[in-house]
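Everything below concerns the one structure shown next.
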Amino acid sequence: MIVDSCFFIDNSQVKIYMMCSAVALGGYGLYKLYQTGLGNIYHNIKSYGFKLLRKIPKIEKEVQDEIAKSVQKISQELKEPVNNYISYHQLPKEGKSTHCIKLHMEEMEQVGNFNCKQGSASGTVYSNNPDLHKLWIDVFPIFSRSNPLHPDLFPGLRKMEQDVVRMSINLFNGDGSYSGCFASGGTESILLACKAYRDWGRTQRGITKPEIIVASSAHCAFDKACHYFNIKMIKIDVEKETGMMDLKKLPKKISRRTILIVGSAPSFPHGIIDPIKEMSEIALKHNVPLHVDCCLGGFLLPFVKEALDEDIDFDFRLKGVTSISADCHKYGYCPKGSSVIMYRNKELIHNQYYVNANWMGGIYATSTLIGSRSGNIIALTWATMMKLGRSGYVAETKRIVELTRYFANQLVSLSEQYSDSIYILGNPKLNVVAIGSKYFDIYELHNNLLKQGWAFNALQFPASIHLCITQCHTREVIDQILVAIEEYLCDITIKYQDNPDKTEVMINEKSSSIYGSSQQISDRSIVEDVARGYLDNLCN
Ligand SMILES: *Cc1c(COP(=O)(O)O)cnc(C)c1O
489 MIVDSCFFID
499 NSQVKIYMMC
509 SAVALGGYGL
519 YKLYQTGLGN
529 IYHNIKSYGF
539 KLLRKIPKIE
549 KEVQDEIAKS
559 VQKISQELKE
569 PVNNYISYHQ
579 LPKEGKSTHC
589 IKLHMEEMEQ
599 VGNFNCKQGS
609 ASGTVYSNNP
619 DLHKLWIDVF
629 PIFSRSNPLH
639 PDLFPGLRKM
649 EQDVVRMSIN
659 LFNGDGSYSG
669 CFASGGTESI
679 LLACKAYRDW
689 GRTQRGITKP
699 EIIVASSAHC
709 AFDKACHYFN
719 IKMIKIDVEK
729 ETGMMDLKKL
739 PKKISRRTIL
749 IVGSAPSFPH
759 GIIDPIKEMS
769 EIALKHNVPL
779 HVDCCLGGFL
789 LPFVKEALDE
799 DIDFDFRLKG
809 VTSISADCHK
819 YGYCPKGSSV
829 IMYRNKELIH
839 NQYYVNANWM
849 GGIYATSTLI
859 GSRSGNIIAL
869 TWATMMKLGR
879 SGYVAETKRI
889 VELTRYFANQ
899 LVSLSEQYSD
909 SIYILGNPKL
919 NVVAIGSKYF
929 DIYELHNNLL
939 KQGWAFNALQ
949 FPASIHLCIT
959 QCHTREVIDQ
969 ILVAIEEYLC
979 DITIKYQDNP
989 DKTEVMINEK
999 SSSIYGSSQQ
1009 ISDRSIVEDV
1019 ARGYLDNLCN
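Whatever position you read off the sequence shown (first residue = 1), add 488 for our numbering.
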């Protein structure tokens, strides 16, 4: 994940910042308040004070130097694994042999410290089914030279694309009057939906300053959509206990400008399913659309009833749900580049289209963001769904959900064993378990796991980490991870057990974790600058 590698910020930067903010506030006392959480009220003042300080050239220069140092460090860490290989800045003079190319690629696949295919990573790689992978290799050549931008030239591919969308709509209990389309991933599905609702709001309701209401747990793709399409985002903090959309606050945020409410099933950070049924009722009552982001749960939730005999309300059976996004490239176990966006009616999807009748290159009409695209990803998605069939998805849903619950239960008993040192955020039931701690810096645990080859996702606000369980995680893998966590908890509790005021000490244990430090920087533009530097490294 980007966020993981973004924040290798040198600690001295934070020190400068702390110094400055202390000066700005006239004392360390308020800063301490801030650390305890009470100080959140001071957040803006402090940030403002720091921004003022940055106007002083000397301080700004120091900040810039620290940002540059952090970026430099990121750059080194990114390059490190491939430092010993030749980079090609020019085409090879003569083409290389297939043998040589294959050797190099196989070597590139091996570099780095993580073996994602064997469960090293949270999420990331979702399929781990040798039969399926063999099928991909077999069918790869069939559509590898196709371009569905021209459906007239590839009618068979168009039919298969329709099959994928129709099968998906069916899974979410939509019927023939529903429509949808294939997209390159969850982000594209979400961008498309937001664009569709924006234009729908404008044409149907005359809304010129559109607003989308999301819970703070909604995926960042909605922020991105608002950024791209000039939509205002209204964020509601999730309920503290449950991590769900706060239903009490929702109606108050709905206005004449609301073009959409968003629910997650489940949310990316903590794997929590929003109360979609209640949200649907609120949406109906106020006559505003409701999108359910099923990108993560899309190919698990529809099978939960059959796999575990549990009822969860999340799909088109709820009358207020007007659209759903679902990623085939997550729990659909398809190759990356595969997602569907589905709508309750044609009126909505019509607002998603881009049509230009006057282009010199011909009449141009596309339903999605991209132009030319790979037909193969459609073919591979179709093949995957056909190969696994309903029973394949049901069986895997059962395994993954049960493994997730096993992981969560084991964590709870570990915490009980080790002085309540960790807690789970909300009550995750599906595929993601997020862990936090009131007593120690959870990013230290994160670093510790990373060193042992386990790449959890680092989350912030509140500081926590999560594991998203995929087909790559077997019971053995989960048990190994649990052992690593237990060893860490054992160490940390031994370290503090002689101290009568354990809690105090653990909280005040100053974070040496860099990610932990970054969360304390209230001037987020510094963190953003470092993140941009990180992107510079990827793009150059
Ligand atoms: C993964 C995810 C997305 C975005 O999908 P990409 O495929 O990464 O573009 C959106 N929402 C949720 C809940 C997700 O988990």
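All residues carry an ideal CB built from backbone N, CA and C; glycine is no exception.
1) Am I right that P757 and H954 are in contact with their C-beta atoms under 8 Å? What's the rounded C-beta distance?
2) Could you check where the beta strand (DSSP E) with N945 kicks off and where it finishes?
3) Is there a C-beta anywhere in chain C that falls below 9 Å from the one on S826?
4) According to DSSP, is H934 part of a helix, a strand, or is it coil?
5) Would the beta-carbon of H779 be found less than 8 Å away from any heavy atom of ligand 2?
6) By DSSP, does A609 sit in helix, in strand, or in coil?
7) Using 8 Å as the cut-off, can you tell me whether the segment 884-891 makes contact with the segment 723-730, which would need three or more C-beta pairs spanning the two stretches below that distance?
8) Which residues does DSSP pair with K723 in a beta bridge?
9) Compute the Euclidean distance between the alpha carbons of W942 and E835, then round it to the nearest angstrom.
10) Just confirm the distance between the C-beta atoms of M830 and G673, as a whole number of angstroms; I'd bet it's less than 8 Å.
11) My understanding is that A681 touches S811, with C-beta atoms under 8 Å, so please give their C-beta distance in whole angstroms.
12) If you run the structure through DSSP and keep just helix, strand and coil, what is Y685?
13) Per DSSP, which residues does D799 bridge with? Please list them.
14) For L1026, does the count of other Cβ atoms within 10 angstroms reach 16, so buried, or fall short, so exposed?
15) Based on the DSSP secondary-structure assignment, which residues constitute the bridge partners of S634?
16) If G759 sits next to V965, beta carbons under 8 Å apart, how far is it from one beta carbon to the other, in whole angstroms?
17) Could you name the residues of the same chain whose beta carbon sits closer than 8 Å to that of D734, not counting the 5 residues immediately before and after it, in chain order?
18) So, are the CB atoms of T981 and Y906 less than 9 Å apart?
19) When you measure from the CB of G600 to every non-hydrogen atom of ligand 1, does any distance come out below 8 Å?
20) Looking at I700: is its Cβ nearer than 9 Å to the Cβ of K720?
21) How about A706 and S752: are their beta carbons less than 9 Å apart?
22) When you compare only the Cα positions, how much space is there between Y576 and Q598?
23) For the candidate residues G689, F602 and R878, whose alpha-carbon lies nearest to that of E794?
24) Quick check on D781: does DSSP put it in helix, strand or coil?
Considering the structure as presented:
1) What you label residue 757 is simply residue 269 of the sequence shown in a count that begins at 1. What you label residue 954 is simply residue 466 of the sequence shown in a count that begins at 1. P757 to H954, Cβ: 7 Å. Contact.
2) Along the sequence shown, read from residue 1 onward, the residue named residue 945 stands at position 457. Segment N945 to L947, the beta strand (DSSP E) holding N945.
3) Absent from the structure: chain C. Only one protein chain is present.
4) Taking the first residue of the sequence shown as 1, we reach residue 934 at position 446. Helix.
5) The ligand content of the structure shown is limited to ligand 1, which means ligand 2 is not among them.
6) Mapped onto the sequence shown, residue 609 falls at position 121. It is a strand residue.
7) With a cut-off of 8 Å, the segment 723-730 and the segment 884-891 do not count as touching, because too few Cβ pairs lie within range.
8) For this step, residue 723 is matched to residue 235 along the sequence shown. Here K723 is bridged, per DSSP, to V702.
9) Position 454 of the sequence shown, counted from the first residue, corresponds to residue 942. Position 347 of the sequence shown, counted from the first residue, corresponds to residue 835. Going from the Cα of W942 to the Cα of E835 covers about 46 Å.
10) Along the sequence shown, read from residue 1 onward, the residue named residue 830 stands at position 342. Along the sequence shown, read from residue 1 onward, the residue named residue 673 stands at position 185. No, M830 and G673 are not in contact; Cβ-Cβ is about 15 Å, not under 8 Å.
11) Numbered from 1 along the sequence shown, position 193 holds the residue referred to as residue 681. Numbered from 1 along the sequence shown, position 323 holds the residue referred to as residue 811. Contact annotation, A681 with S811: C-beta distance approximately 5 Å; criterion of less than 8 Å satisfied.
12) Translated into positions along the sequence shown, residue 685 becomes position 197. In this structure, Y685 counts as helix in the three-state DSSP scheme.
13) As a position in the sequence shown, residue 799 is number 311, starting the count at 1. None, per the DSSP bridge assignment.
14) Mapped onto the sequence shown, residue 1026 falls at position 538. By the beta-carbon neighbour count (other beta carbons within 10 angstroms, threshold 16), L1026 is exposed.
15) The residue given as residue 634 occupies position 146 in the sequence shown. Bridge partners of S634: none, in fact.
16) Indexing the sequence shown from 1 puts residue 759 at position 271. Indexing the sequence shown from 1 puts residue 965 at position 477. For G759 against V965, the beta-carbon gap comes to about 18 Å, at or over 8 Å, which does not count as contact.
17) To locate residue 734, count along the sequence shown from 1; it is residue 246. Same-chain partners within the cutoff: A703, I724, D725, V726 and E727.
18) As a working note, residue 981 is residue 493 in the sequence shown. As a working note, residue 906 is residue 418 in the sequence shown. For T981 and Y906, yes; Cβs fall inside 9 Å.
19) In the sequence shown, counting from the first residue as 1, residue 600 sits at position 112. False, no ligand heavy atom lies under 8 Å from that Cβ.
20) One-based indexing of the sequence shown puts residue 700 at position 212. One-based indexing of the sequence shown puts residue 720 at position 232. Remark: C-beta atoms of I700 and K720 approach each other more closely than 9 Å.
21) Indexing the sequence shown from 1 puts residue 706 at position 218. Indexing the sequence shown from 1 puts residue 752 at position 264. It is a contact, given that the beta carbons lie within the stated cut-off.
22) In the sequence shown, counting from the first residue as 1, residue 576 sits at position 88. In the sequence shown, counting from the first residue as 1, residue 598 sits at position 110. Whole-angstrom Cα-Cα distance: 19 Å.
23) Here residue 794 is taken as the residue at index 306 of the sequence shown, counted from 1. Nearest of G689, F602 and R878 to E794, Cα basis: R878.
24) Along the sequence shown, one-based indexing puts residue 781 at 293. The answer is strand: DSSP assigns D781 an E or B state.
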